[in-house]
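Trainee: Below is a structure I'd like to ask you about.
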Amino acid sequence: KKRHLEALLKSRRRRDAGHMAFSKTLLKWRLIGEGYSSQLSIDEQKYIFRLAFRMWSEVSPLQFVEDVHSPLEDIDIRLGFGTGRHLGCSQRFDGAGREFAHAWFLGDIHFDDDEHFTVPNTGNGISLLKVAVHEIGHVLGLPHIYRPGSIMQPSYLPQDGGFELDWMDRKSIQSLYGVCTGGFSTVFDWIRKEQTPYGEVVVRFNTYFMRGGLYWLYENRKNRTRFGDPVAVQVGWHGLPSGGVDAYIHVWNRKTDAVYFFKGVQYWRYDSENDQVFTEDSDGHSYPRLISEGFPGVSGPLDTAYYDRRDAHIYFFKGSQVFRFDVRRNRLASSSPRLLSEVFPAFVPGNHPIGHLDAAYFSYTHNSVFLLKGSGFWRVSSRRRASLSTSVLLPRRELDQQWFDICDVHHSSLR
Amino acid sequence: EKIFHSRDHSDVLNDIHQAELITDSDTAEVFLSKYGFIKAGDVDDPQTSAEASGEMDIGVSLDLQEAGSTSHDLQFLTALKDFQRLNALPVTGVFDDATKAAMNKPRCGVTDQNEEPDSTAEPDSTSTLDHTDAETRTSRNTQPPVR
Chain A
1 KKRHLEALLK SRRRRDAGHM AFSKTLLKWR LIGEGYSSQL SIDEQKYIFR LAFRMWSEVS
61 PLQFVEDVHS PLEDIDIRLG FGTGRHLGCS QRFDGAGREF AHAWFLGDIH FDDDEHFTVP
121 NTGNGISLLK VAVHEIGHVL GLPHIYRPGS IMQPSYLPQD GGFELDWMDR KSIQSLYGVC
181 TGGFSTVFDW IRKEQTPYGE VVVRFNTYFM RGGLYWLYEN RKNRTRFGDP VAVQVGWHGL
241 PSGGVDAYIH VWNRKTDAVY FFKGVQYWRY DSENDQVFTE DSDGHSYPRL ISEGFPGVSG
301 PLDTAYYDRR DAHIYFFKGS QVFRFDVRRN RLASSSPRLL SEVFPAFVPG NHPIGHLDAA
361 YFSYTHNSVF LLKGSGFWRV SSRRRASLST SVLLPRRELD QQWFDICDVH HSSLR
Chain B
1001 EKIFHSRDHS DVLNDIHQAE LITDSDTAEV FLSKYGFIKA GDVDDPQTSA EASGEMDIGV
1061 SLDLQEAGST SHDLQFLTAL KDFQRLNALP VTGVFDDATK AAMNKPRCGV TDQNEEPDST
1121 AEPDSTSTLD HTDAETRTSR NTQPPVR
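First to last, the protein sequences are chains A and B. Residue numbering for the first sequence follows my numbering, starting at 1 and increasing by one per position. Residue numbering for the second sequence follows my numbering, starting at 1001 and increasing by one per position.
Encoded structure:
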């Protein structure tokens, strides 16, 4: 049975520059029925494994799905608990203490059920989650790594709070499977006001990336997304379409502080205080409203948009055109629309998105506007670059070289 | 459930087979072999090859036995030092208490390899990032602008 399995699996594996890895990005796993632990409920065991697989998904292009229906030989990764001689395995477990689990490269994972495995954040025992993440790393092709902080250290260290995959562990798995790539439908910095313990009001922001019906909070200082993301849009943004949005703008000046989301031919205003969309505007018009009604001269669907505080205009992008909308006069600027290539000329001739952008994003971290299309972006030069005019597009770069590890997970593991 | 009869489950706990501890250099050698620090066939055993050819006399055999045990000790010493180095222990080559404790820690059953994956050679490698990007990442550590 094992030889047959190996023969089947050989066709799915590749040898690449000395490092073997799975040749596909969607992997099926199963906790085998004869290998349940006697210490935790089946639901607890599956929940922990689902989370362990998801943690690798969050930092690599791999996705994992629990499969309880397919024939066993079609399952890529099989997990099970056993003691001593177990599950037909050639490597015997040694009892409580010392060896707690082992994994077969591109294959199965066995856990020693003589060990005291516990659920996460329990004081005593061995965290099953931490062990599972480690062993899955082996299955995916990682060896032991003797680096403090690495999940692939061979010895078990008690879990200190919530452990996560650090930068080097991410790079290790990405050296085998590549980095996460792909475009986004919307990117924006969300402004929020907070009061310090001294009563002082401060303004902070968080960066969000949206792709379809999912979103990530991006931690700029840590070069990664928030642990546990992505999240479904309808979970974090109440009232927005579940399939996501086309554009976001924050009109912020002396008179106005309003957030709008756009989808298709409609738009919503978002109520930051109550964390949901407004049901109606100040004139009693119900949301969503038609874009053409709220922004005369502009109609959906849009590619994207952003509000520029420097000139108090909204820039709407549609195809190869840019519509500049004056919020003070509530009408289009006289010169609109214009070609994208005219409003934002290329610094390097020919190196230009031309049109059909995915997202326009003003970043407070970089104090710059970024135009995103596909897996790349163009940065709009800032005024500080004295040798350049104020709105040329710098050459295209890859998104994953600027914002790191924004990875999809399988929909079955979404909260 | 796992069957038990005592209120405090002590009958089950006592029944759990405990892993044998690493207590001496013999069990330490087994440990080092099991987890790849001593590789099978690392050192040729001249005694074996000579015996196989039927060309050995007693004097030579004794010399070879001594040479074999010396090589064996060296192999164990090297492996022990490797283990100590990787576990941030004083590299003494002595099977001391700290080394024993490290060997008895809970650990994964997969052997240790010396080669780590090339974590810098990404398909879209971070090594292509230019100086500007390094500056950018550094500048992210500053506070966001306050209105």
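We put the beta carbon where it would ideally sit given N, CA and C, even for glycine. Here the structure is a predicted model, which means the values were calculated and not measured.
According to DSSP, what are the bridge partners of Ser70 of chain A?
Mentor: DSSP lists no partner for Ser70 of chain A.
Trainee: Determine whether the Cβ of Val1091 of chain B lies closer than 8 Å to any Cβ atom of chain A.
Mentor: Not one chain A Cβ lies under 8 Å of Val1091 of chain B.
Trainee: Does the beta carbon of Gly35 of chain A come closer than 8 Å to any beta carbon on chain B?
Mentor: It does not: the Cβ of Gly35 of chain A has no partner Cβ on chain B nearer than 8 Å.
Trainee: Below 7 Å between beta carbons is the criterion; list the residues of the segment 137 to 171 of chain A that meet it against any residue of chain B, in chain order.
Mentor: Answer set for the segment 137 to 171 of chain A: His138, Leu142, Pro143, His144, Ile145, Tyr146, Pro154, Ser155, Tyr156, Met168 and Lys171.
Trainee: Please go through the same chain and pick out, in chain order, the residues whose beta-carbon is closer than 7 Å to the beta-carbon of Leu339 of chain A, but skip the five residues on each side of it.
Mentor: Hits under 7 Å: Ser320 and Gln321.
Trainee: Report all residues from its chain with a CB closer than 7 Å to the CB of Ser341 of chain A; omit the five preceding and five following residues, and keep chain order.
Mentor: His352 and Ile354.
Trainee: Tell me whether the beta-carbon of Leu140 of chain A lies closer than 8 Å to the beta-carbon of Ile173 of chain A.
Mentor: For Leu140 of chain A and Ile173 of chain A, yes; Cβs fall inside 8 Å.
Trainee: Do you know how far the Cα of Phe404 of chain A is from the Cα of Ala280 of chain A?
Mentor: The identity of residue 280 of chain A in the sequence shown is Glu, whereas the question assumes Ala. One C-alpha to the other measures close to 38 Å.
Trainee: Tell me whether the segment 78 to 94 of chain A and the segment 56 to 69 of chain A touch, counting them as touching only if at least three CB pairs, one residue from each stretch, are closer than 8 Å.
Mentor: Verdict: no, contact absent.
Trainee: Where does His134 of chain A land, buried or exposed, given buried means 16+ other C-beta within 10 angstroms?
Mentor: It counts as buried.
Trainee: Checking the sheet assignment: what are the DSSP bridge partners for Asp257 of chain A?
Mentor: Partner(s): A:Trp252.
Trainee: When you check each C-beta in the segment 1071 to 1086 of chain B against every C-beta of chain A, which residues fall closer than 7 Å?
Mentor: Of all residues in the segment 1071 to 1086 of chain B, Leu1086 have a Cβ within less than 7 Å of some Cβ in chain A.
Trainee: Three-state secondary structure (DSSP) at His134 of chain A?
Mentor: Correct three-state label for His134 of chain A: helix.
Trainee: Touch check for the segment 144 to 161 of chain A and the segment 35 to 54 of chain A: three-plus C-beta pairs under 8 Å?
Mentor: Segments in contact, no.
Trainee: Give the straight-line distance between the Cα atoms of Ile249 of chain A and Val409 of chain A, rounded to the nearest whole angstrom.
Mentor: Approximately 27 Å between the Cα atoms of the pair.
Trainee: Taking only three categories from DSSP, how would you classify Gly82 of chain A?
Mentor: Reduced to three states, the DSSP call for Gly82 of chain A is strand.
Trainee: May I ask you to report which of helix, strand or coil DSSP gives Gly297 of chain A?
Mentor: Correct three-state label for Gly297 of chain A: coil.
Trainee: DSSP state of Tyr177 of chain A, grouped into three classes?
Mentor: Tyr177 of chain A falls in the helix class under three-state DSSP.
Trainee: Tell me, please, whether the CB atom of Phe100 of chain A is closer than 8 Å to any CB atom in chain B?
Mentor: Cβ-Cβ to chain B under 8 Å: yes for Phe100 of chain A.
Trainee: Buried or exposed for Phe227 of chain A, going by 16 or more other Cβ atoms inside 10 Å?
Mentor: The residue in question, Phe227 of chain A, is exposed, as its Cβ has fewer than 16 Cβ neighbours within 10 Å.
Trainee: With DSSP run on the structure shown, which of helix, strand or coil describes Val1094 of chain B?
Mentor: Val1094 of chain B falls in the coil class under three-state DSSP.
Trainee: Tell me Ile126 of chain A's beta-bridge partners as DSSP assigns them.
Mentor: In the DSSP output, where bridge partners are listed per residue, Ile126 of chain A has A:Phe117.
Trainee: Cutting at 6 Å between CB atoms, please list the residues of its own chain near Val187 of chain A, excluding the five before and the five after it.
Mentor: Closer than 6 Å at the Cβ level, and outside the excluded window around Val187 of chain A, lie Phe209, Ala359 and Tyr361.
Trainee: Going by Cα to Cα distance, which pick from A:Thr122, A:Pro230 and A:Pro143 is closest to Leu176 of chain A?
Mentor: Comparing Cα positions, the closest option is A:Pro143.
Trainee: Does Ala1028 of chain B come within less than 8 Å of chain A when only Cβ atoms are used?
Mentor: Judged by the 8 Å Cβ criterion, Ala1028 of chain B is not in contact with chain A.
Trainee: Under the three-state reduction of DSSP, which class applies to Gln153 of chain A: helix, strand or coil?
Mentor: It is coil, neither helix nor strand.
Trainee: Along the segment 348 to 377 of chain A, what residues have a CB closer than 9 Å to any CB found in chain B?
Mentor: Result list: Tyr364, Thr365, His366 and Asn367.
Trainee: On a CA-only basis, which of A:Asp308, A:Arg211 and A:Asp283 is nearest Trp252 of chain A? Give me that one, please.
Mentor: The option with the nearest alpha carbon to Trp252 of chain A is A:Asp308.
Trainee: Please list, in chain order, all residues of the same chain as Ser185 of chain A whose beta carbon is under 7 Å from its beta carbon, the five residues on each side excluded.
Mentor: Within the same chain, Ser185 of chain A has close Cβ partners Met210, Arg211, Gly212, Gly244, Val245, Asp246, Asp358 and Ala359.
Trainee: Name the chain B residues whose beta carbon is nearer than 7 Å to that of Gly212 of chain A?
Mentor: Neighbours of Gly212 of chain A on chain B: none; closest Cβ ~23 Å, over 7 Å.
Trainee: In chain order, what residues of the same chain have a beta carbon less than 6 Å from the beta carbon of Phe1076 of chain B, not counting five sequence neighbours either side?
Mentor: Result list for Phe1076 of chain B: Glu1029, in chain order.
Trainee: Could you tell me which chain B residues have their CB closer than 7 Å to the CB of His134 of chain A, listed as they occur along the chain?
Mentor: Under the 7 Å cutoff, chain B gives Cys1108.
Trainee: DSSP state of Arg328 of chain A, grouped into three classes?
Mentor: The answer is coil: DSSP assigns Arg328 of chain A none of H, G, I, E or B.
Trainee: Candidates A:Pro288, A:Ala52 and A:Phe295: which alpha carbon is nearest Leu332 of chain A's?
Mentor: Closest by alpha carbon: A:Phe295.
Trainee: Is the beta carbon of Asn975 of chain B sitting closer than 8 Å to the one on Ile1022 of chain B?
Mentor: Past the boundaries of the shown model lies residue 975 of chain B; chain B is included only from 1001 to 1147, so the question cannot be answered.
Trainee: Work out the CA separation of Ser286 of chain A and Val298 of chain A for me, nearest whole Å.
Mentor: If you take the alpha carbons of Val298 of chain A and Ser286 of chain A, they lie about 19 Å apart.
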